[in-house]
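>
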Ligand code: DQA
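Numbering (the UniProt record's numbering), first residue to last: 2 to 142.
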């Protein structure tokens with residue numbers, strides 16, 4: 002199974018970004034951990050990160066065209082990007098699976114993080130387990 006693991010804005014800053022919130026693991030650590038977890042499960046995973054909304058939309062279109070499942074951490078776009086939601090909806094509507102992941106538990110944080118516009122079109126959501134959120138998402142796939 003092919004899986005695109007897509008990380009949104011500011012996740013490239015992991016390790017130095019608010020470590021008290023997001024921990025000390027870097028994005029490179031995330032890439033390495035996902036590679037190990039995917040290999041254990043016989044998944045073909047590719048991790049990408051961008052701060053750019055249109056790039057994420059394009060990658061979701063690519064997932065549809067290449068019949069790839071998706072693990073998506075939309076970061077702040079989670080809370081307000083209808084463009085990303087509409088792109089995510091095409092993935093699940095095509096019969097592919099899309100797991101929304103978050104390192105933190107958005108419901109335990111500021112109220113603007115309590116709404117996910119992605120959640121309703123995702124196959125499921127894993128949030129609050131740090132890097133393990135990705136491991137659990139891959140296990141689900
Ligand atoms: C996040 C949670 C979002 O609210 C935030 O904007 C992020 C990261 C997480 O992984 O916990 O950038 O998606």
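Heads up, the beta-carbon is just placed ideally off N, CA and C, and yes, glycines get one too.
(1) Give a yes or no on whether the C-beta atoms belonging to residue 54 and residue 5 are separated by under 8 Å.
(2) Measure how close the beta-carbons of residue 98 and residue 70 come, nearest whole angstrom, since I'm counting them as under 8 Å.
(3) Taking all protein chains shown into account, do 16 or more other C-beta atoms lie within 10 angstroms of the C-beta of residue 92, making it buried, or fewer, making it exposed?
(4) Going by C-alpha distance, which of 27, 41, 101, 120 is nearest residue 2?
(5) My output table needs one value for residue 54: the three-state DSSP class, helix, strand or coil.
(6) If we ignore side chains and look at the alpha-carbon of each, how far apart do residue 141 and residue 60 end up?
(7) Can you find the residues in the same chain that come closer than 7 Å, C-beta to C-beta, to residue 131, ignoring five residues on each side of it along the sequence?
(8) Quick one: using the 10 Å Cβ neighbour count with 16 as the cut-off for buried, is residue 126 buried or exposed?
(9) With a threshold of 7 Å (Cβ to nearest heavy atom), would residue 105 be considered close to ligand 1?
(10) Per DSSP, what kind of secondary structure is residue 65 in: helix, strand or coil?
(11) Taking buried to mean at least 16 other C-beta atoms within 10 Å of its own C-beta, is residue 101 buried or exposed?
(12) From residue 88 to residue 58, what distance separates their C-alpha atoms?
(13) Between the alpha carbons of residue 31 and residue 137, how many angstroms are there, rounded?
(14) Does ligand 1 have a heavy atom nearer than 7 Å to the CB of residue 114?
(15) State the Cα-Cα distance for the pair residue 39 and residue 112, rounded to the nearest angstrom.
The relevant details are as follows:
(1) Locating residue 54 in the chain shown gives position 53, counting from the first residue. Locating residue 5 in the chain shown gives position 4, counting from the first residue. Contact: no.
(2) For this step, residue 98 is matched to residue 97 along the chain shown. For this step, residue 70 is matched to residue 69 along the chain shown. About 5 Å separates the two Cβ atoms, so the contact holds.
(3) Walking along the chain shown from the start, residue 92 turns up at place 91. It counts as buried.
(4) As a position in the chain shown, residue 2 is number 1, starting the count at 1. Comparing Cα-Cα distances from residue 2 to each of 27, 41, 101, 120, the minimum goes to 41.
(5) Taking the first residue of the chain shown as 1, we reach residue 54 at position 53. Helix at residue 54.
(6) Your numbering for residue 141 matches position 140 in the chain shown. Your numbering for residue 60 matches position 59 in the chain shown. Computed Cα separation, rounded: 21 Å.
(7) Taking the chain shown and counting its residues from 1, one reaches residue 131 at position 130. Contacts found: 24, 104.
(8) The sequence position of residue 126 within the chain shown is 125, counting from 1. With 16 or more other Cβ atoms within 10 Å, it is buried.
(9) As a first step, residue 105 is located in the chain shown; it is residue number 104 there, counting from the start. Yes, since a heavy atom of ligand 1 falls inside the 7 Å radius drawn around the Cβ of residue 105.
(10) For this step, residue 65 is matched to residue 64 along the chain shown. Three-state DSSP puts residue 65 in a helix.
(11) Indexing the chain shown from 1 puts residue 101 at position 100. Counting Cβ neighbours within 10 Å, residue 101 comes out buried, since at least 16 surround it.
(12) Translated into the one-based positions of the chain shown, residue 88 becomes position 87. Translated into the one-based positions of the chain shown, residue 58 becomes position 57. About 6 Å.
(13) The sequence position of residue 31 within the chain shown is 30, counting from 1. The sequence position of residue 137 within the chain shown is 136, counting from 1. Their backbone Cα atoms lie some 13 Å apart in a straight line.
(14) Position 113 of the chain shown, counting from 1, holds the residue named residue 114. Residue 114: yes, Cβ under 7 Å from ligand 1.
(15) Taking the first residue of the chain shown as 1, we reach residue 39 at position 38. Taking the first residue of the chain shown as 1, we reach residue 112 at position 111. Taking the straight line from one Cα to the other gives about 33 Å.
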